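This report refers to the structure that appears directly beneath it.
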Amino acid sequence: MTRRHSSSATSKEEAAVGDKEVVDVRSPHSIEAETVVDDVPVYSDAEYARVRRKADFILLPMLMFTYGIQYMDKTSLTQGVIFGLREDTKITNQEYANLTTLFYMAYAVAQFPFTWVMQRFPIGKALSVFVILWGACVMCLGACNNYAQLAAVRVLVGAFEAVVIPGFVILTSSWYLRKEQTFRQCLYYSQNQVWGIVASVAVYFMAKAAAKAGGIAGWRVIQFFMGGLTIVCGIFDLLLIGTPDEVWWLKKDEKRIAKARIATNATGGAEVASWRWEQVRECFRDPQYYFCILFNFLVMIPNGAFITFNTLIMKSFDFSSFDVIIYSMPSQAIAIFFVIVPGLCVQYYPKTRFPWALFVTALATAVFLFTGLCPEDTPKWTKWGVYIFSLPFATAMFLIWPLMSINVAGRTKKTWLTASSLIAYSAGNILGSQIFRDPPRYVRGLIGVSIAMILYMILFVVWWIYYIRENRRRDRVVAGLGLTPEQQEDERRKAGEQDMTDVQNIHFRYLC
128 MTRRHSSSAT SKEEAAVGDK EVVDVRSPHS IEAETVVDDV PVYSDAEYAR VRRKADFILL
188 PMLMFTYGIQ YMDKTSLTQG VIFGLREDTK ITNQEYANLT TLFYMAYAVA QFPFTWVMQR
248 FPIGKALSVF VILWGACVMC LGACNNYAQL AAVRVLVGAF EAVVIPGFVI LTSSWYLRKE
308 QTFRQCLYYS QNQVWGIVAS VAVYFMAKAA AKAGGIAGWR VIQFFMGGLT IVCGIFDLLL
368 IGTPDEVWWL KKDEKRIAKA RIATNATGGA EVASWRWEQV RECFRDPQYY FCILFNFLVM
428 IPNGAFITFN TLIMKSFDFS SFDVIIYSMP SQAIAIFFVI VPGLCVQYYP KTRFPWALFV
488 TALATAVFLF TGLCPEDTPK WTKWGVYIFS LPFATAMFLI WPLMSINVAG RTKKTWLTAS
548 SLIAYSAGNI LGSQIFRDPP RYVRGLIGVS IAMILYMILF VVWWIYYIRE NRRRDRVVAG
608 LGLTPEQQED ERRKAGEQDM TDVQNIHFRY LC
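Each residue of the sequence shown is one higher than the one before, counting from 128 in the working numbering.
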């Protein structure tokens, strides 16, 4: 390890980027920041790689496992509905849809208080406790006997699961370089599909065994199994996940290497931090904030519909309950491909993010329109062969969600933007779960989700153009400052260590 000392290019940078002011780099945090940045430890590539590998082999598998488990928990009622849940609890089709609505209402309400908790307490420990609590609630679902009980427990599950995405976004940004984050996030987002296959196989055999034994109902077995597995997962999370400062499996020098490695992100860390209201106010002046909110609302309309009604749509093709489980697995496998491959492409070719998102959304739109508008006498295998390409609609959200961590700087701003986006996420899921009201084919619902996807394809184009124009505008301003590339990099690092936002930091560039 060597140590590099850099001279500060300028104590102040005052310039305008359009109507945006470039703020004084020497904020109240600047003494500490300059200690970190002006005396930056320069480690070897081998040292950086060693720490990254540790994160890849310990932290990342736990994030993948936890994300997959929460998806299985979220969809466990969808699996249970084809194994007697509605009959045993005597709920109507509308009450069944309401269970998804209640879940996401609680999810939305819990965003701000629980993300505040994660900013004020060690994020790894806080996240793990929430995982254990929601696992206990999922087990309680298996003991419910009527709509009121299901609704009450479903609200608790939604509230405790609210921390997953914001927590994972912050953890990922505290370990990985900006160019590495999309692929890592796609790896744990892909667990929706991986665990969808695992769940399909497990549920198939558990439900079949329960039906044969004639004892406890298959849907109750599913809830008990999933809840217990989640609690075990939460215990392992408690032991293994956290920021570089929190985890026990990094040595003291490795903790320093991990922090030095991500200093170039200039997006701030994930340490316990004070709440900064000026960063909240900035959100309302930043177009990114509105892009994220609108996207999360629109993309969750098909998601809420799919989570709630996917099995019923496939059952309308004239498949039995057990057939639905088996024949949904190819769809999950196709979706895994459409998450991993684009994620890998974006890591090495960052400018492919929006083209990939547009392509997969167009594909899914065509699938949903065909499923809704094809003649009723269309052979079931034709409908199935087209419908298995519907799940890649989720690829768009997995490619765009990382922008909330890689293109947003400032701990409070990132927390507020993520929480606001997830409230919109909840609203979209609620709407998606309510528009499928014309069984068995759900024609109007399928057309509705197709319209939502067309709208967010238009949003992608506008968003992409905004990033390109903003980066070019910043390039022009920085060119006028006369800084060397090394000085620009030092100023960018310094701004990140001071918890400056992407708007305040003229040296920040948006990845698109």
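Idealized CB from N, CA, C, for every residue including glycine. What you are looking at is a predicted structure, and each value in this text was computed from that prediction instead of being measured.
Taking the alpha carbon of G559 as the reference point, which residue from T488, T228, A233, K507 has its own alpha carbon closest? T228
If we count Cβ pairs, one from each stretch, closer than 8 Å, do we get three or more for the region 539-558 versus the region 409-422? yes
Answer with buried or exposed for K478, where buried requires no fewer than 16 other C-beta atoms within 10 angstroms of its C-beta. exposed
What do you get for A462, buried or exposed, if any count of 16 or more other CB atoms within 10 angstroms of its CB means buried? buried
What are the boundary residues of the alpha helix (DSSP H) that I358 is part of? 345-367
DSSP three-state call for V169: helix, strand or coil? strand
Along the chain, which unbroken stretches of the alpha helix (DSSP H) at least 4 residues long are found entirely within the region 525-604? 530-533, 538-561
Cβ contact check for the region 565-585 and the region 493-504: 3 or more pairs under 8 Å: yes
Could you give the distance in angstroms between the alpha-carbon of E624 and the alpha-carbon of N392? 10 Å
Would Y234 pass as a contact of G285 if the rule is Cβ separation under 8 Å? yes
May I ask which residues mark the beginning and end of the alpha helix (DSSP H) holding S448? 448-454
Cutting at 6 Å between CB atoms, please list the residues of its own chain near V83, excluding the five before and the five after it. Within the shown structure, residues of the chain are numbered from 128 to 639, placing residue 83 beyond reach of any answer.
Given a cut-off of 8 Å, decide if G361 and I527 are closer than it, judged by their beta-carbon atoms. no
Determine whether the beta carbon atoms of C313 and G470 lie at a separation below 8 Å. yes
Would you mind working out which of Y194, I250, A173, P506 sits nearest V113, comparing C-alpha positions? Residue 113 lies beyond the residue range present for the chain, which begins at 128 and ends at 639; the question has no answer from this structure.
Classification of E405 by the beta-carbon crowding that lies within 10 angstroms, buried from 16 upward: exposed
Alpha carbons only, please: which of T219, Y594, W322, F239 is nearest the one belonging to T193? W322
Taking the straight line between their C-alpha atoms, what separation do you get for L186 and A390? 19 Å
Please go through the same chain and pick out, in chain order, the residues whose beta-carbon is closer than 6 Å to the beta-carbon of M456, but skip the five residues on each side of it. I324, S327
CB of I297 within 8 Å of CB of S203, strictly: no
Less than 8 Å separating the beta-carbons of G555 and F436? no
Roughly how far, in whole angstroms, is the beta-carbon of G345 from the beta-carbon of M333, given that I think they are within contact range, below 8 Å? 7 Å
Could you give the distance in angstroms between the alpha-carbon of L573 and the alpha-carbon of Y303? 38 Å
Would you mind listing the alpha helix (DSSP H) stretches within the region 378-423 that are 4+ residues and don't spill past its ends, in chain order? 379-388, 404-410
Can you tell me whether E597 is buried or exposed, with buried defined as 16 or more other CB within 10 angstroms of its CB? buried
Does the pairing of the region 210-224 with the region 269-283 give three or more beta-carbon distances under 8 Å? yes
Note down, in chain order, each residue of its chain lying with its Cβ closer than 7 Å to the Cβ of I557, except the 5 sequence neighbours on either side. T228, Y231, M232, G431
Going by beta carbon distance, what residues of the same chain come within less than 6 Å of Q197, once the five residues before and after it are set aside? E288, V291
Comparing alpha-carbon positions, which option in F481, F465, F446, Y476 lies nearest T509? F446
Near S517, which residues of its chain fall below 8 Å by C-beta distance, leaving aside the five closest residues on each side in sequence? F433, S458, A491, V494, F495, T498
Exposed or buried, Y476, counting other C-beta atoms within 10 Å across all chains shown (16 or more means buried)? exposed
For V630, the three-state DSSP class (helix, strand or coil): coil
Only counting the same chain, and skipping five residues up and downstream in sequence, which positions put a Cβ closer than 6 Å to that of G269? R347, Q350, F351
Buried versus exposed, by CB contacts within 10 Å (16 or more), F411: exposed
Taking 8 Å as the threshold (C-beta atoms), are L549 and P293 in contact? yes
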